[in-house]
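Here's the structure, in structure tokens; my notes come after.
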Amino acid sequence: MIISASRRTDIPAYYSQWLFNRLRERYVLVRNPMNAHQIGRISLSPDVVDGIVLWTKNPVPILGYLGELEPWHYYVQFTLTAYGRDVEPNLPSKNDILIPAFRKLSKAVGRDRVVWRYDPIFLSDRYTMEYHCRYFRVLASKLCGYTEKCTVSFLDWYQTIAKNMEILKVKAETSGQQREIMERLAEIAGEYGLVLDTCAEAGDFEACGIRRAHCIDRERLERIGGCRLSAKKDPNQRPECGCVESIDIGAYGTCPSGCRYCYANRSEQAAVKNSRLHNPSSPLLFGAVGAGDVIKDRRMRSLREEQMELF
């Protein structure tokens, strides 16, 4: 099975000590987001975990502990955009901290294990198409040689972010604007030797040479691990999503980054409150097992095929 850590919150940035404690103990408890009293006990044994996908905007807290990840095959989805603090208020400096961290991570683990994400893209009076193209080029020039590709997507208009988008004066893009920005970003990416793909986009941009991404990527994990995986498309994701099946070990409403476009937090205040309930020694990301909770072992098996193969 493949572990996602996590689409729901930034575990490397805020809960790295907890993550490594869980890996050392070889299991984690995860509440069902649809029924909080149902808790799954997830094995983290390398015998059944075929790969770990780490999602982050700031990997600095894990950089000194990468050696502990070696029993597992893994890679990092690293989101690095050109937005300012009006959109991403709690992230450290991109020039001083995040871009150097991207390079350091890539040097440590290899460019095939670090995927650059420039998403979500939205347009406003400040963040115009010209703005995105200009600063995408700046970032591409600094990250080329440290990654193979960049994954992009447009903003999804969730109800939980509607007020934030109104404050930022975000304007929904037309299909023509989407195509134009994709064409321009693909051209820039190509100049720096990067492949551009899209995450769960309904629009078809293959005519621009842009394919759909597989963020939980069977082929990437096969290359890293040197063996075939019998992973299938994740039925719980949108039809446009190319991800294969995985188990997410994060929790919604726990990321203190406060990014205005984030669908995973209902409110910044609730996320900060929940993060204060975090105990690095607990098998749960936050809170504790209560009297009404039911814990069940999640049935897990390795997806590795017996025939080993080098890629």
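Residue numbers (this note's numbering): 436 to 746. Built from N, CA and C at the ideal position, the CB exists for glycine as well. Predicted model, so just to flag it, every value in this text is computed and none were measured.
- By the criterion of a C-beta distance shorter than 7 Å, residue 567 is surrounded in its chain by 517, 556 and 616, once the five residues flanking it on both sides are discounted.
- For the pair residue 678 and residue 652, the Cα-to-Cα distance works out to about 6 Å.
- By the C-beta density criterion, residue 524 is exposed, having fewer than 16 other C-beta atoms within 10 angstroms.
- Around the CB of residue 440, 16 or more other CB atoms lie within 10 Å, so the residue is classed as buried.
- For residue 589, the uninterrupted beta strand (DSSP E) segment begins and ends at 584-589.
- Residue 505 holds the alpha-carbon nearest to the alpha-carbon of residue 487 among 689, 521, 505 and 734.
- Three or more Cβ pairs drawn from the region 585-596 and the region 627-635 lie within less than 8 Å of each other, which places the two stretches in contact.
- Counting C-beta atoms within 10 angstroms of its own C-beta, residue 470 has fewer than 16 neighbours from the protein chains shown and is therefore classed as exposed.
- A distance of 9 Å or more separates the beta carbons of residue 710 and residue 436.
- Residue pairing for residue 511: DSSP places it in a beta bridge opposite 489 and 549.
- Taking C-beta separations shorter than 6 Å and ignoring five residues to either side along the sequence, the partners of residue 500 in its chain run 455, following chain order.
- Residue 470 carries a strand assignment under DSSP once its states are collapsed to helix, strand and coil.
- Residues 476 of the same chain have their beta carbon placed closer than 7 Å to that of residue 732, with the five preceding and five following residues left out of the count.
- DSSP places residue 602 in the uninterrupted alpha helix (DSSP H) bounded by 597-602.
- If you ignore the 5 residues before and after residue 583, its C-beta comes within less than 8 Å of the C-beta of 546, 547, 550, 629 and 630, all in its own chain and listed in chain order.
- The residues 632, in chain order, have a CB closer than 6 Å to that of residue 646 in the same chain once the five nearest residues on each side in sequence are set aside.
- In this structure, residue 466 and residue 478 do not form a Cβ contact; the two beta carbons are roughly 17 Å apart against a cut-off of 8 Å.
- Apart from sequence neighbours up to five positions away, the residues of its chain that approach residue 720 with a beta-carbon distance below 7 Å are 450, 453, 685, 686, 689 and 713, ordered along the chain.
- Secondary structure note for residue 731: its beta strand (DSSP E) is the uninterrupted segment 729-732.
- With 16 or more other CB atoms across the displayed protein chains lying within 10 angstroms of its CB, residue 596 is buried.
- The DSSP-derived three-state label of residue 558 is strand.
- DSSP, reduced to helix, strand and coil, places residue 679 within a strand of the structure shown.
- DSSP, reduced to helix, strand and coil, places residue 690 outside both helices and strands of the structure shown, so it counts as coil.
- Restricting attention to 598, 480, 535 and 575, the CA atom closest to the CA of residue 735 is found in 480.
- Close CB contacts of residue 693 within its chain, under the 6 Å cut and outside five residues either way in sequence, are with 524, 525 and 703 (chain order).
- Here residue 531 is exposed: its Cβ has fewer than 16 other Cβ atoms, across all protein chains shown, within 10 Å.
- Each residue's CA atom was taken as its position, placing residue 664 and residue 671 some 19 Å apart.
- Counting C-beta atoms within 10 angstroms of its own C-beta, residue 512 has 16 or more neighbours from the protein chains shown and is therefore classed as buried.
- Shown here, residue 668 sits in a strand according to DSSP, grouped into three states.
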